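According to this note's numbering, the sequence shown is numbered sequentially starting from -4. C-beta atoms are modelled at their ideal positions from N, C-alpha and C, and glycine is treated no differently. Small disclaimer: the values here were computed from a predicted structure and weren't measured. See structure below.
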Amino acid sequence: MTHPMTHAAGDGEHFDVIVVGSGGGLIGAYAAAARGLRTLVIEKTEHVGGTTAYSGAGIWLPGNAAEVRAGIEGGPEAARPYLDAIVGDDSPVELREAYLQGGVQMIAELEENPHFQHFEWRGVPDYFPEAPGSLKGGRTIFPPEIDRAALGKLEPLVRRPLWTERWGVDAGSTMVGGQALIARALLAFVETGHGTIRTNARFERLIVEDGNVIGVEVTTDAGPTTFFADRGVLLAAGGFEHNRELRQRYQPPMTDEWTSGCAGNTGDALVAGIEVGAATALLDEAWFAPGIIAPDQRAIFFTMVWSGIWVNGAGERFMNERLPYDRAGHELLRNHLASDIAHVPAHWVFDHRQIEQHAFAGTLPVDPQVPDWFDVDRWRDAGVLHQADTLDELAELIGVPAGNLTKTVETFNGFAVAGVDEDFHRGETPWDRVTARMIGPHLDGPNKCLGVIDQPPYYAVQIALTDLGTKGGLVTDGHARVLRPDGSVIGGLYASGNTMAPMSGRVYPGAGAPIGAAMTFSYLAAVDMAATRPARARSEVTR
Ligand SMILES: Cc1cc2nc3c(=O)[nH]c(=O)nc-3n(C[C@H](O)[C@H](O)[C@H](O)COP(=O)(O)OP(=O)(O)OC[C@H]3O[C@@H](n4cnc5c(N)ncnc54)[C@H](O)[C@@H]3O)c2cc1C
């Protein structure tokens, strides 16, 4: 469907820029259209926004204008040693430099547009406090919320929140997080007067002439069609989290069941890029996260555990359960692969206090319109919550050795009383402490992240390994231009977001790194396309 506020894109029509995917790619689309380039966005699903619309829209961008307004010193340079230390050789330094400089430039430019004013820094600690250059207050900014009504006729176009799509939770009259980011980008894009959006339009493959990408083949409700791009095609079609075959080929085991990524993300752009000779990297990586198995028997992104512990199949603790979600996901996976004992799914064991204070909250939504949302009976009847009067009985219900579970809880209770987690150091990092404040009320005792487990009934739910999307993809340079294995540029082809091999290698530097990268590299692609001569003249160009 072509949106009524934009003109109809006809078969064979020429644009300057084609953007495949409407999540983080929408920022590139806006940046291109704002430069006067005729820009077509192709979106496979009926909604604009992808996983970006589901997200909290934390955006990790060192040294940006919102950070400066908040008095954070050091600029992008201060993050260089941090990224160097945690990313290492897993991605090219050129990408980090492009990200550090391009992110600052992008936010400054977006904030010139009233629709984007003003991003806000909110003090989320960097995820690797042990690395040089890490900031306790972090580098994460958020877009301002927006009234749903402000979107007018565009409103139905925006993808609903994850909880709405999955569980029917009311979407609310105010758009926050990723919804707000996408809404703002959409308003800004349409207002340029140079943008066209096609939803329900599935990109199939790239059209190549003389080694340069010059257009795309697309399937719409009306059948196959082609569009041409005189400056370039940006592949911003997310990862391959919903493509089981690709997952089985590239991803580690234990990760193919659960993802919170948008259903449209089936790796089409990755496959198309490979078809035209692109190099790939880090296809075994994902933005991992623990997931709680909910009454619909599916795991969903869950973090910030308030009380209790996670135990493996032997009834033993094996990690700091408060780790930032991607670190926690990697830790679940690492333990599982390194041992004969099952660590995925793990069992989250807690006592009555958790139910009394929080039910299963953490990052999960609480919907006042659904009174039984966290109703214990509902979770228990669905077989996903186990309840027992003693730890031994609970151990039997979840199939772990009873003596081990009791011993593990006794040891942990000793740590809680002393205030020091001698085994896994829970509660010692800025992230642990900030999240304790965020999800309060405080646990009693000297360490606000450790609470004694001794008030029956005792409970257990399963913690699976989930992801927010896959992470590896097409190799690019710092302009987001897609490269061949020999390092040469595939003319006219760009990639960003989870279609692109990540700037951050195998780590998640801080809250908002995925969207920070998705926005920045789609922006940098637009900047490059604006500086590039049209395709027909491209063979004469020496860069
Ligand atoms: C609950 C949740 C919270 C999160 N919170 C944060 C956060 O606060 N900060 C952060 O940085 N990250 C967060 N993430 C992760 C982040 O949202 C994603 O990694 C990021 O948005 C991916 O952006 P993208 O542009 O690569 O893909 P997407 O936003 O998923 O966009 C890709 C789009 O491409 C479309 N598409 C796919 N194939 C085709 C095709 N063949 N033709 C046309 N269109 C196609 C898809 O339908 C989709 O709309 C969160 C994720 C979840 C699930």
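Pairwise C-alpha distance: residue j and residue i
i, j, result
"G507", "L386", "39 Å"
"P480", "L469", "10 Å"
"F313", "G133", "27 Å"
"V12", "V36", "9 Å"
"T191", "D523", "20 Å"
"W305", "G256", "25 Å"
"A93", "R179", "24 Å"
"P109", "A258", "31 Å"
"S517", "A525", "12 Å"
"G500", "R476", "18 Å"
"P451", "Q382", "9 Å"
"F297", "G70", "32 Å"
"F345", "A309", "17 Å"
"A543", "E280", "No answer is possible for residue 543: it lies beyond the span of the chain, which begins at -4 and ends at 538."
"V502", "G66", "27 Å"
"S483", "A273", "10 Å"
"P363", "W343", "With a pLDDT of 49 at P363, under the threshold of 50, the predicted position of this residue should be treated as unreliable, though the coordinate-derived value follows. When rounded, the distance between both Cα atoms is 25 Å."
"G7", "A28", "20 Å"
"N493", "P120", "23 Å"
"V203", "F10", "16 Å"
"L332", "L460", "12 Å"
"Q292", "R161", "12 Å"
"G167", "A512", "28 Å"
"G23", "T515", "8 Å"
"R117", "P138", "11 Å"
"H420", "N315", "7 Å"
"I545", "G188", "The requested residue 545 is not part of the displayed model; the chain covers only -4 to 538."
"K131", "I510", "20 Å"
Local Cβ density within 10 Å of residue i, reported as buried at 16 or more and exposed below that
i, result
"P219", "exposed"
"D390", "In the sequence as presented, Asp is not what sits at residue 390; that position holds Ala. Classification for A390: buried."
"K466", "buried"
"V14", "buried"
"R317", "buried"
"T430", "buried"
"L380", "buried"
"S491", "buried"
"P340", "buried"
"E62", "buried"
"A532", "Note on A532: pLDDT 48, under 50, position unreliable in the model; no value is reported."
"E38", "buried"
"G58", "buried"
"Q243", "exposed"
"S50", "buried"
"P441", "exposed"
"E270", "exposed"
"V395", "buried"
"P504", "buried"
"A196", "buried"
Beta-carbon spacing of residue i, residue j below 8 Å
i, j, result
"T46", "N260", "yes"
"L56", "G473", "no"
"P290", "W374", "yes"
"A175", "F111", "no"
"T194", "E41", "yes"
"I209", "V43", "no"
"F222", "A264", "no"
"E236", "T254", "yes"
"G233", "G16", "yes"
"A521", "R200", "no"
"F407", "I448", "yes"
"L181", "L149", "yes"
"V228", "L478", "no"
"W282", "D462", "yes"
Ligand 3 heavy atom lying under 7 Å from the CB of residue i
i, result
"V15", "No copy of ligand 3 occurs in the structure displayed; its ligands are ligand 1 alone."
DSSP beta-bridge partners of residue i
i, result
"W55", "T135"
"W116", "I136"
"W305", "W343"
"V36", "V14, I192"
"P285", "L460"
"A383", "Y453"
"Y122", "Y122 pairs with nothing; no bridge assigned."
"L230", "V15, A490"
"D142", "T169"
"P219", "T214"
"G543", "It is not possible to answer for residue 543, since the shown part of the chain is limited to -4 through 538."
In chain order, what are the residue ranges of uninterrupted alpha helix (DSSP H) at least 4 long that sit wholly in the stretch 69 to 101? 75 to 82
Segments of 3+ residues assigned as beta strand (DSSP E) that fall wholly inside the stretch 405 to 444: none
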